[in-house]
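Let me begin by presenting the structure, written as C-alpha cells, before commenting on it.
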Amino acid sequence: MSRILTIAHAEWRLWLRSRLAFGALLITALLLTSTSVVTALRMSEAHHARIHQQAVAEATFLSQPDRHPHRMVHYGHYVFRVPPPLSVIDPGVDSVTGQSMFLEGHRQNTAMFADARASAELGGFEDLTTALAYQLFLPLLLIAIGHGLIIREREETTLVPLLAQGVTGTELYAGKGIALVGLSLALLLPLAVMCAVAVGRGAAPLASAGVIGLYALYLLVWCSLILLVSSVARSRSLALGILALVWLGTALIIPRIGVESASSLIPVPGKIETDLNMQAELRAVGDGHNASAPEFRQLQADLLAQYDVTRVEDLPVNFRGVVARAAEADLTEVMNRHAEERMALEAGQARFAASFGWLSPVLAVAAGSRALSGTDLATHHRFLREAEVVRFDFVQGLNRVHVEQLAYGDDINRNIDAEASKRTRMSAENWNVLDEFTFRPAAATERLARASTPAAMLFAWLLMLAAIGALAARRVQP
Amino acid sequence: MPVLNAKALTVERSGQQVLKDVSFSMQQGQVHALLGGNGAGKSTTLLTFLGFLTPVSGSAHVQGRAVSENVSAARQAIAYLPEAATLYGHLNAYENLRYFLSLAKTDTDRRALDAALDRVALQAEAREMRMQTYSKGMRQKVAIAMAILRETPILLLDEPTAGLDPAAIDDFNRLVRDLAEAGRTVLLVTHDVYGACHVADRIHLLHKGELVGSFDRPSGMDRIDTEAVHAAFAAHAA
Ligand SMILES: Nc1ncnc2c1ncn2[C@@H]1O[C@H](COP(=O)(O)OP(=O)(O)O)[C@@H](O)[C@H]1O
Ligand SMILES: [Mg+2]
C-alpha cells in the first residue's frame, strides 16, 4: 500500500512542478469557479424573477374588477416554472423549453420563455453551465494531465528503474490511478460547494448527494479510461490522440447521432400539427359559447328532465354556464389526450436518445444530472400537467360561478339591457377560485430512481474499464 | 552456492536470438565484467537476471533461485543501474534517491544520502538542484549512489562509467573493489577494456550473443592482462 501512495504522491509533486499541468489546473479552477458563479447568479435571478412574476400574475388576476365570469375565463392567467435549487448546477431543459404558460379557457397554450432578455445580456455565455464544465471540460483537463501517466515513464525510461525497485505493474497502475482520482475528487470541490449552497436554498440533500456521487462516478470512468490508454499506448502522442478521439466521439458525435436517430425513428409532430389534428375532434364537442348549438341538445333535454321543467329559462341553474362547463370538460378531455400522446412521444424520444448513454458516458451523466437536478424533460412534463390542472380548475371555478350565481335571463339579455348587463358582473371576490401555483420538481427519491439507469451505465463503463485495466496493469513492461 | 548463475541462457528479442547458450556463475564478493561491442547482448544479460526478459531456454538464478519463479525476490536482492541512467529531471538528487529508495523499501536518512553522494564525489552545491540541470556524468554519479544505497547483496551495473571523467572513473573502480571486499557481488557491463581489467576478477567476452572467452585475474596480480583482452576483443571486432 505504501508504495502505491508513494507513487501517487510523486505524481502530484510532478503536476505541481510542471508549468503545463499547473497552468491547466489553474485555468480549470478559474473556469469552474466562473461558470459556477455565473450559472448560480443566473438561475437564482430566474428563481426570484419567476416567483415574483407568479405573485404579480396572481395579484393581477385577483385584482380584476367585477366582471362577467366568462370574461375572466378569457382574461386568463400566467403560471411560471420556478427553477429548482439544484438548477444552479444543471439548468437542464430550462433554456430550451418554455418556463411560463398563459392559461385561458378552451385552449392549452405552448410554454413560453419567461426571460427573453437574459441571453442577450450575457452574450451567449450563459450556455456554459457548471454541469457542462464538468461533463465536457473536466475530462479534457484529466486527459491533458493524465495521458502520460504510465507511457511517460516508459518513454523517459524511468519505468525500468521503477520496476527494478520491486514495484509491480499493478502497484504502479494503482498509484497512478490514485493520483488521477485524487485530482478528480479535488476538482469535485466546487460542485460540492454548489450542492451545499443549493441545500441551503431548499434542495433535497439526497438529490444533492446524488449529483456529487454521479459526477464522481463519471470522473472515475474518465480516470480509468485515461489510465488504461496511458498504459497500452505505444507513445504519449498516440495516447493523447486516442483520448482526444474518444472525447470527440463521446462528447460530440455519439450524442449527435443519438439525437438525430431518436428524432428520425420517433418523430414527434409539432404543436401546430397536433393542434390541426385535434381540430376535428374539438369541433365535434361544439362551441361552448353557443348554448343553442346542436351538440348541446341532449344536455339540454337531460337537464330539463332532471329539474322537471320545459324551458331553459325555468332551470334553477344558468344553462349557458352549464354548457360552458360541459364543453370545457369535454374539450379538456380531448386536449389532454393529445397532450399525453405528445408527451409520451417526446419521452420515448428522450429515452431512445438517452439509451446512447451505454455508448457515451457523457450522455449518461448528462441525463442523470438533469434528472437529479429536477431539470429534465420529465420535470417539464410535470409542469405542463400541473399547469393544466390549474387552468382547468380556475376555468371551471369561474364556470361554476356562471352556473350558480348568474341569472340566465340577465345573461341572455346583457347585450340589450344595461341593467341586466350590470347584474351579470360578478363580484371580484369570486376570482379567488384561482389556486396559488408553486411548481416543485419530483421528490428526491423519484429523481434518484430516474437517475438510476444513467448511473448504471456509468457503473458498467467503470467496471469494464477497471477489469481491462487490471489485466493491463499486470502486463506493464518496459 | 553461486550468487548469480546463468545456465545456458538463450534469449530472444523481437524474434531474434540475442543470447545463445550463455553460461557463467558468480560467487559472493566477486566482480565480473561483461565485455563486448554494441549489440553483443550485455544489457540483455542483466535484464534477464532482473526478470524483464524471459529466456526461451536455459535459466537465470539469483541466490540459488530461478528468477522466473520469483521475480520480486530477485529484484529485491539486486540493485540495478540501467544503461543511460534516467532519473527524474524535475527532482533534485535527494528527492530522486528518496523516491526510488522508498519504493525499494529502503530506509535512508539525509546523512546516509550525503555519505553516498560523497563517495561518488557529487558536488554538494548541486545536490539540491533539479537533475534536469545535471551533466551526464553527474546523473551517472547519482545513479551509482542509488545502487550502493540499496544495500543489496548484488549489484548489476550497465555501463556505469559512461560519461564519467577519468578521475571519477578511478573513484568508481575503487568503490567497486570496496563493495566487493564488503561481500557484495558486482556484475558490470562495459566496453572499456582498460577499466574492466582493473576492477574485475573475471571478464566475459560476449560477441553476437555468445560467450567467446573469459579472462581471470591471476592470483597475486592486481589486474587482468589488458593486452590479451584487447587482442581477443579486436579479433572478434574484425
Ligand atoms: N528493446 C529491444 N527490442 C528488440 N531488440 C532489442 C531491444 N534492445 C536490444 N535489442 C537487440 O538485442 C541485441 C542485444 O542488445 P543489447 O543487449 O542491448 O546489447 P549491448 O551488448 O549493447 O548491451 C541487439 O541486437 C539489439 O538490437
Ligand atoms: Mg547495452
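Residue numbers (my numbering), protein chains in the order written: chain B, 1 to 478; chain Y, 1001 to 1238. Every residue gets a Cβ at the ideal spot worked out from N, C-alpha and C, and that includes glycine. The structure presented is a predicted model; accordingly, all values stated were derived computationally and were not measured.
Asked, Found
"S1043 (chain Y): CB within 7 angstroms of a non-hydrogen atom of ligand 2", "yes"
"Distance cut-off 7 angstroms: A1040 (chain Y) Cβ against heavy atoms of ligand 1", "yes"
"Chain-order list of residues whose beta-carbon lies under 8 angstroms from that of L1122 (chain Y) (same chain, five-residue window excluded)", "A1093, M1138, K1141, V1142, A1145"
"Neighbourhood of D376 (chain B) by C-beta, 6 angstroms cutoff - its chain only, sequence neighbours within 5 removed", "G92, R370"
"Sheet register partners of A1066 (chain Y) (DSSP bridge)", "Y:H1061"
"Contact the segment 395 to 405 of chain B vs the segment 59 to 75 of chain B: 3+ CB pairs below 8 angstroms", "yes"
"Start-end ranges of the alpha helix (DSSP H) lying completely within the segment 25 to 111 of chain B, minimum 4 residues", "69 to 75"
"Ligand 3 heavy atom lying under 7 angstroms from the CB of D1178 (chain Y)", "No copy of ligand 3 occurs in the structure displayed; its ligands are ligand 1 and ligand 2 alone."
"Cutoff 7 angstroms; reference T1226 (chain Y); Cβ partners in own chain excluding five residues on either side", "V1193, Y1194, C1197"
"Short CB-CB distance (under 8 angstroms) between L245 (chain B) and chain Y", "no"
"For P190 (chain B) and L32 (chain B), believed in contact at Cβ under 8 angstroms, the rounded distance", "5 angstroms"
"CB contact check: A1040 (chain Y) to chain B, cutoff 8 angstroms", "no"
"Stretch pair the segment 251 to 263 of chain B + the segment 1004 to 1018 of chain Y: three plus CB contacts closer than 8 angstroms", "no"
"Where L465 (chain B) falls, given that 16 or more other Cβ within 10 Å makes a residue buried", "buried"
"Any non-hydrogen atom of ligand 1 within 7 angstroms of V1212 (chain Y) CB", "no"
"C-alpha distance - V88 (chain B) paired with I143 (chain B), whole-angstrom precision", "26 angstroms"
"Nearest-angstrom beta carbon gap, V82 (chain B) and R50 (chain B) [assumed within contact, 8 angstroms]", "5 angstroms"
"Contiguous alpha helix (DSSP H) assignments of at least 4 residues, all confined to the segment 145 to 179 of chain B", "151 to 155, 159 to 164"
"Integer Cβ distance of H1204 (chain Y) from H1032 (chain Y), believed to fall under 8 angstroms", "6 angstroms"
"Neighbour flag for F1100 (chain Y) against chain C, beta carbons, 8 angstroms", "No chain C is part of this structure, whose protein chains are labelled B and Y."
"Any chain B beta carbon closer than 8 angstroms to Y1134 (chain Y)", "no"
"Under the three-state DSSP convention, the category M464 (chain B) falls into", "helix"
"Separation of G210 (chain B) from E446 (chain B), as counted between CA atoms", "12 angstroms"
"Residue-level contact to chain Y via CB, P161 (chain B), 8 angstroms cutoff", "yes"
"D1158 (chain Y) Cβ short of 7 angstroms to ligand 2 heavy atom set", "yes"
"Secondary structure of F392 (chain B), DSSP reduced to three states", "helix"
"Inter-residue spacing [alpha-carbon to alpha-carbon] between R234 (chain B) and L140 (chain B)", "21 angstroms"
"Residues bridged to G1213 (chain Y) (per DSSP)", "Y:L1205"
"Between the CA atoms of A24 (chain B) and I145 (chain B) - distance to the nearest angstrom", "8 angstroms"
"T274 (chain B): first and last residue of the uninterrupted alpha helix (DSSP H) it sits in", "271 to 285"
"Neighbourhood of L299 (chain B) by C-beta distance below 8 angstroms, restricted to the same chain and skipping five residues each side", "V322, V323, A326"
"Positions along the segment 438 to 472 of chain B whose CB lies within less than 9 angstroms of some CB in chain Y", "none"
"Distance between beta carbons of L1149 (chain Y) and L1081 (chain Y), contact taken as under 8 angstroms", "Wrong, their Cβ atoms sit about 12 angstroms apart, outside the cutoff."
"Neighbour-count burial assignment, V79 (chain B), 16 or more Cβ in a 10 Å radius", "buried"
"V259 (chain B) beta carbon near ligand 1 (any heavy atom closer than 7 angstroms)", "no"
"Contact list for S100 (chain B) against chain Y, beta-carbon separation under 9 angstroms", "Result: empty, since nearest Cβ-Cβ is about 57 angstroms, beyond 9 angstroms."
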